[in-house]
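K.L.:
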Amino acid sequence: MAHLRPARRLGLAIPVVLSLTASLGFLPAAASAAPGAEPAADAPELAYVVNTSGTDHRTIASVKRAISAAGGSVVAGYDRIGVIVAHSAAPDFGAAIRAVRGVRSAGATRTAPLTAAGTTAEGAAEYLTRGQAARTAAAADEGEEPLEADQWDLRAIGADRAARIDPGSRDVTVAVIDTGVDDTHPDLAPNFSRSQSANCVGGKADTSEGAWRPYTAEDYHGTHVAGEIAAARNGVGVAGVAPGVKVSGIKVSDPDNGLFYPESVVCAFVFAADRGVEITNNSYYVDPWLYNCMDDPDQRAIVDAVNRAQLYAQKKGVLHVAAAGNDNHDLDADAILDESSPDDSTPVPRTIDPHECFDVPTQLPGVVTVSATGVKKEKSYYSSYGKGVVDVAAPGGDRRYQLPDTPSKDGRILSTMPNNQYAFLQGTSMASPHAAGVAALLKSEHPGASPARLRALLKAQADDTPCPASYDQDGDGTQDAVCRGGRHGNGFYGAGIVDALRAVK
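Quick note on numbering: the sequence shown equals residues -33 to -1, 1 to 472 in mature numbering (1 follows the signal peptide of the UniProt record, and there is no 0).
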C-alpha cells in the first residue's frame, strides 16, 4: 500500500480500528511540570495545536488549565481525539506546554502572527467566454450537458457512460475540504448538502447559513472541485464524475492569506465524520509547511493533530482522497529540496527526507494519494509522484504537452465557478476530485464498504498504466521525471488511472 513505509517509520497505525494511543505510539510522552508564562506586551499571538496523551476527562481538563496558566487561551477542544486548539502570545508557550504532564505533543501551527495559498491547482483559472460556450454547446451530442464536449476528462475515465448506468446514490456525500463551495450555482444546488457543510476556519465549526461559501469569487478553488465531483446532469453547464451523489463544502481557507492551517483541517475532518460524510476530497496541503518534519516539535505536533482527526474520521467510515502535489517531486526520493516553506512568512530553502518529512494529509496512513494525468493518459508535467506513495492517477489536466481535440482545445479541466461561471483549471487539485467521484460511485455500488475496502476497490478498478519508455516532455534530451515500478503499480500512476465505468459495471 502507498503509505506503508512512512507509516512504519512513524509508527502510525494503518488499521483504523486500533486505539488512538496505539496509532500515535511514535510520539514520546512529554515531561511533567510546566512553568507559567506572562506574554510580552508586543509579542505576536500565534495559534497552537496541543495533543494530549489520553482522552479521559481528567487529562483533558488538566491540560486546558495548564494552557491558561502558561498564558494561552483555549479556542476549541476535540476531546474525543485529544486535540486542543489554543492561542497565545507567550514567547515560550510551545516549550512550556510540551513540558506539561498529559501532553503528547504541542506546537505552533503558523510562523506568522494571527490576523497577519496553499491549494494544489497549477496556474490561474481561465474563464469560459460566451463565444467558447456557444461553440462547445453546438458540439454537444444528444443527451450531453451543454458544455460537456469540452470535458475530455469525463470521457477519459468513462464517466459519461457510467452515468447512464448509475450516476451515484443520494445516500453518499463527498465533502470538499477547501476554500468554500458556492451552493447557489445551478450545477451544484441540486446535489448540495447544507447539513453537512460548515466553515471550520480557526478550528471551530460554524454552520450558520452560507458559512461554507467562498469569501469572494477569487476563492473559486472549492467550487471548481465540487463541480468535478457532482455537478448535476440537469441540462445546465457541465457534469460531474458522480452526478447523482451529494456534495458538501467545509471551508478551511484563512480569509487573510488563503492558507489551510492545521486547526482548520482538524475541525474539518472531525465535522465530516460527525455529520455522516462518506468521502472527503483534499486538494491542498496543510500550511505553512509543504513537508512536516518529525524532528521539529511544531511540525511534529501538526502531523499528530491532523492524523488523529483523519483517523477518527476513518474509524467512523470516511475515506479521504488527496492530491499528490504540483512540484514534480518524487515523494519516494532520498531527498527533496523544499523552497516554499514556511509559506506564511519568508521561506527558507531546506533539503528534506520525504520518509521523515510528510506532505499532510497526502502522506498520512489510509489516505488515497492521487497523481494527475492529461488527455494522452500520461503523467502531467507538474504532478508529483512516487512509488509506494501514489495510489491511483486521474485526469488533472495538462495545457502544455497534452491538448485535446475539443471545441476549446484546452487541456485543463472545465468545471463550475462562483457566480454561475465556468472555467478551466489544472493541477492535482483537479485529479483528486475525479478519484473521489469514482470512489463515490463505488460507495454507491458497495454501501457497506469500509474506508479500507473502498480504497482497495478504487485501486482494483483502476486501469493498469505502465511506466512510459521515456518521459522527456519538452524534448530537450533530459528525462523530466523517472518512473519506477511495473504495470500493476508504479510511481507515476500507482495502481492505474481510475475508471468510472468499471466502478459501476
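All C-beta atoms, glycine included, are put in the ideal place defined by N, C-alpha and C.
Specify whether the segment 289 to 304 and the segment 315 to 325 touch according to this definition: at least 3 beta carbon pairs, one from each stretch, less than 8 Å apart.
P.N.:
Yes: the two stretches touch, three or more of their Cβ pairs being nearer than 8 Å.
K.L.:
How about G292 and T395: do their beta carbons lie closer than 8 Å?
P.N.:
Yes.
K.L.:
By how many angstroms is the C-alpha of T151 removed from the C-alpha of N386?
P.N.:
Their backbone Cα atoms lie some 8 Å apart in a straight line.
K.L.:
Just to confirm, are A398 and P433 a CB contact at a threshold of 8 Å?
P.N.:
Contact flag unset, no.
K.L.:
Going straight from the alpha carbon of D120 to that of I380, what length do you get?
P.N.:
Cα-Cα distance, rounded: 7 Å.
K.L.:
According to DSSP, is A126 helix, strand or coil?
P.N.:
In the structure shown, A126 sits in a helix (DSSP, three-state: H, G or I).
K.L.:
When the Cα atoms are used, what is the spatial distance from A360 to G415?
P.N.:
Each residue's alpha carbon lies about 25 Å from the other.
K.L.:
With distances taken between CB atoms, is the gap from A165 to A178 smaller than 8 Å?
P.N.:
In this structure, A178 lies closer than 8 Å to A165 by Cβ.
K.L.:
Taking contact to mean at least 3 C-beta pairs separated by less than 8 Å, is the segment 257 to 272 in contact with the segment 71 to 78?
P.N.:
The answer is yes - the segment 71 to 78 touches the segment 257 to 272, with three or more Cβ pairs under 8 Å.
K.L.:
Could you tell me which residues DSSP puts in a beta bridge with residue 539?
P.N.:
Missing from the structure shown is residue 539; the chain here goes from -33 to 472 and no further.
K.L.:
Comparing C-alpha positions only, which one of A43, D299, V465 sits nearest to R451?
P.N.:
Of the listed residues, the one whose Cα sits closest to R451 is D299.
K.L.:
How many Å lie between Q99 and R161 at the Cα?
P.N.:
Looking at the two C-alpha atoms, the distance is approximately 32 Å.
K.L.:
Take G456 and list the residues in its own chain whose beta-carbon comes closer than 7 Å to its own, dropping the five residues that flank it on each side.
P.N.:
Only A462 meet the Cβ criterion.
K.L.:
Can you tell me the Cα-Cα spacing of G3 and V334, whole angstroms?
P.N.:
Since pLDDT at G3 reaches only 37, below the 50 mark, its modelled position is unreliable, and no value is offered.
K.L.:
Tell me which same chain residues have a C-beta within less than 7 Å of the C-beta of C260, skipping the five on either side of it?
P.N.:
Once the five neighbours on either side are set aside, the close Cβ partners of C260 are Q266, I319, E323, C324.
K.L.:
Quick check on E115: does DSSP put it in helix, strand or coil?
P.N.:
Residue state, collapsed to three classes: helix.
K.L.:
Taking all protein chains shown into account, do 16 or more other C-beta atoms lie within 10 angstroms of the C-beta of F459, making it buried, or fewer, making it exposed?
P.N.:
It is buried - the Cβ of F459 has at least 16 other Cβ atoms within 10 Å.
K.L.:
Taking just the CA atoms, how far does A36 sit from residue 476?
P.N.:
In this structure the chain extends from -33 to 472, so residue 476 is not present and cannot be described.
K.L.:
Under the three-state reduction of DSSP, which class applies to C260: helix, strand or coil?
P.N.:
C260: strand per DSSP, three-state reduction.
K.L.:
P229 and T76 look like a contact to me (Cβ under 8 Å); what is the Cβ gap, rounded to whole Å?
P.N.:
Correct: roughly 4 Å between the Cβ atoms.
K.L.:
Are there 16 or more other CB atoms within 10 angstroms of the CB of A(-3), so buried, or fewer, so exposed?
P.N.:
Only weak support exists for where A(-3) lies, its pLDDT of 35 falling under 50; the value from the coordinates is given anyway. It counts as exposed.
K.L.:
Would you kindly report the start and end of the unbroken alpha helix (DSSP H) that includes A101?
P.N.:
Here the alpha helix (DSSP H) through A101 covers 97 to 105.
K.L.:
My output table needs one value for V233: the three-state DSSP class, helix, strand or coil.
P.N.:
Helix.
K.L.:
Secondary structure at I27, three-state DSSP: helix, strand or coil?
P.N.:
Three-state DSSP puts I27 in a helix.
K.L.:
Using DSSP with H/G/I as helix, E/B as strand and the rest coil, what is A(-12)?
P.N.:
With a pLDDT of 34 at A(-12), under the threshold of 50, the modelled position of that residue is not reliable, and the figure given next carries that caveat. Residue state, collapsed to three classes: helix.
K.L.:
Three Cβ pairs or more, each shorter than 8 Å: is that satisfied between the segment 279 to 294 and the segment 25 to 41?
P.N.:
No, the segment 279 to 294 is not in contact with the segment 25 to 41.
K.L.:
Just to confirm, is the Cβ distance from V67 to A92 under 8 Å?
P.N.:
In this structure, A92 does not lie closer than 8 Å to V67 by Cβ.
K.L.:
Any contact of the segment 178 to 190 with the segment 231 to 238, i.e. 3+ C-beta pairs under 8 Å?
P.N.:
No: fewer than three Cβ pairs fall under 8 Å.
K.L.:
Contact check, V465 vs L425 under 8 Å by CB: the rounded distance?
P.N.:
Contact holds; Cβ gap of about 7 Å.
K.L.:
Just to confirm the assignment: which complete alpha helix (DSSP H) runs, minimum length 4, are found wholly within the segment 168 to 248?
P.N.:
Listed in chain order, the complete alpha helix (DSSP H) runs (minimum 4 residues) inside the segment 168 to 248 are 188 to 197, 229 to 241.
K.L.:
How should S411 be labelled, buried or exposed, when 16 other C-beta atoms within 10 angstroms of its C-beta is the threshold for buried?
P.N.:
S411 comes out buried.
K.L.:
Give me, in chain order, the residues of the same chain whose beta-carbon lies closer than 7 Å to that of F238; leave out the 5 immediate sequence neighbours on both sides.
P.N.:
A165, C167, A172, I217.
K.L.:
Could you pull out every residue in the same chain whose Cβ sits closer than 8 Å to the Cβ of G147, ignoring the five residues on either side in sequence?
P.N.:
Counting only Cβ-Cβ distances below 8 Å, and skipping sequence neighbours, we find N166, W179, R180, P181, Y182, D186, G189, T190, G216, K218, S220.
K.L.:
For E93, name the three-state secondary structure that DSSP assigns.
P.N.:
In the structure shown, E93 sits in a strand (DSSP, three-state: E or B).
K.L.:
Check whether the Cβ atoms of N274 and L331 lie closer than 8 Å to each other.
P.N.:
Cβ atoms of N274 and L331: closer than 8 Å.
K.L.:
Report the three-state DSSP secondary structure of Q388 (helix, strand or coil).
P.N.:
The answer is strand: DSSP assigns Q388 an E or B state.
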